[in-house]
Structure formats: structure tokens, C-alpha cells
Amino acid sequence: MRNAFAALVSAVSALCRWGTLAAVGVLIIVVTIQVLGRIPGFPSPPWTEEVARFALVHLVAFSCGLALLRGELVNVDMFILLLPKPMQTVVARLVDIAILVFAVAIIPGAWDYVVGSLGERARSINVPMIWVYVVTLIIPVSLAFFSIARLAGLGRDSAPPSHGETV
Numbered sequence: 114m115r116n117a118f119a120a121l122v123s124a125v126s127a128l129c130r131w132g133t134l135a136a137v138g139v140l141i142i143v144v145t146i147q148v149l150g151r152i153p154g155f156p157s158p159p160w161t162e163e164v165a166r167f168a169l170v171h172l173v174a175f176s177c178g179l180a181l182l183r184g185e186l187v188n189v190d191m192f193i194l195l196l197p198k199p200m201q202t203v204v205a206r207l208v209d210i211a212i213l214v215f216a217v218a219i220i221p222g223a224w225d226y227v228v229g230s231l232g233e234r235a236r237s238i239n240v241p242m243i244w245v246y247v248v249t250l251i252i253p254v255s256l257a258f259f260s261i262a263r264l265a266g267l268g269r270d271s272a273p274p275s276h277g278e279t280v
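Just so we're aligned, residue 114 is where the sequence shown starts under the working numbering, counting upward by one.
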């Protein structure tokens, strides 16, 4: 059972990595078009700003679960690093449980938000807005899934922060 779940976590991680890569790729292309549009004679389409915002939102959606799985979400390192190693592990698991509870609590509202967006279209690119609003469902579902994976011991805690400070 654990091997099957580990394979599922691996597959979902790969999907999230590809989604993140696609969002970054779209963002690079769109921002390049925006920058080139400042050159006289080069066309500057009006849809690039909206697509750039959508790409950023998708970037967050696909990468936040991966950050949780790797133990790289924003953390209060100064507090946790002062604790003994066993307590650090306990606190990390309590944080995983809190994230799981919060994510599961907002999934129904996210679902309602996505369903409520049916029929809406983006103004400048004329695509269904559900492709944008689905992010509100991807984020809590991926956070819940990857927090369960961490609680099952499939994630990893990040190394202590190295802020590059040398004296």
C-alpha cells in the first residue's frame, strides 16, 4: 500500500513539476512579447498582461504543493531551529496537520467558486475563466495531498537555512 501511495505521490509531483514548468514557459514568452512591444514597430498585443497574471497564478498553484512536500514553505526557522531535533520533528508534523486541516476546510468553498465561474470568459483572450479559477481548487487539494504524503513520511524536511552570510 505504501509503495502504491509513493508511486501516486511521484506521479502527482511530476504533474506539478510539468505544470510549474509550463507556467514559467508561458510567463517567459508573454513577458518577452511585452518587452519587445516597447520597441517601435513591434506589435504589443493587449492580452499579454492578462496571460502573464494567469501564468503567475498557475505557477503558484502547481508549485505550492511541491514546496510543502520538500519542506520549503515559509517557516519560522528561528523558533524551530532552537528546539531539540525530536521537537523539531514534532513541530513539523503539527504544521503538516494544521495545513491539512486548513486545506480540507477550504476545498468545498473552492469547489463552489470554480463551479460558479462556469460560463465566464476572459475579456482580452476570450477563454473560459474556469481555467483561471480552477487554481483555487488546485491549491488546497495539492496542499492536502502533499501534507498527507509528508505525514506518511514521503516528504523531506529542508536543510537548515543558509542565508549566505559570511563574516
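All C-beta atoms in this analysis are idealised placements derived from N, C-alpha and C, irrespective of residue type, glycine included.
- With a cutoff of 8 angstroms on beta-carbon distance, I146 and T161 are scored as near each other.
- When DSSP states are grouped into helix, strand and coil, R236 belongs to the coil group.
- C-alpha of V122 to C-alpha of S157: approximately 41 angstroms in a straight line.
- By the neighbour-count criterion, in which a residue is buried when 16 or more other Cβ atoms sit within 10 angstroms of its Cβ, F192 is exposed.
- Unbroken alpha helix (DSSP H) stretches of 4 residues or longer found wholly inside the stretch 125–178: none.
- Taking 8 angstroms as the cut-off, the Cβ atoms of S260 and L179 do not count as close.
- Counting only runs that start and end inside the stretch 181–223, the alpha helix (DSSP H) elements of at least 4 residues fall at 190–194.
- One alpha carbon belongs to G138, the other to L172, and they sit about 10 angstroms apart.
- With respect to the 8 angstroms criterion, I252 and V227 are not classified as neighbours on the basis of their beta carbons.
- In the DSSP assignment, A265 falls outside any alpha helix (DSSP H) and carries neither an H nor an E.
- Note on geometry: alpha-carbon atoms of A117 and A168 lie some 32 angstroms from one another.
- By alpha-carbon distance to S230, the top candidate from V247, A216 and A218 is V247.
- The beta carbon of I220 is closer than 8 angstroms to those of L250, P253, V254 and A257 in its chain, skipping five residues each way along the sequence.
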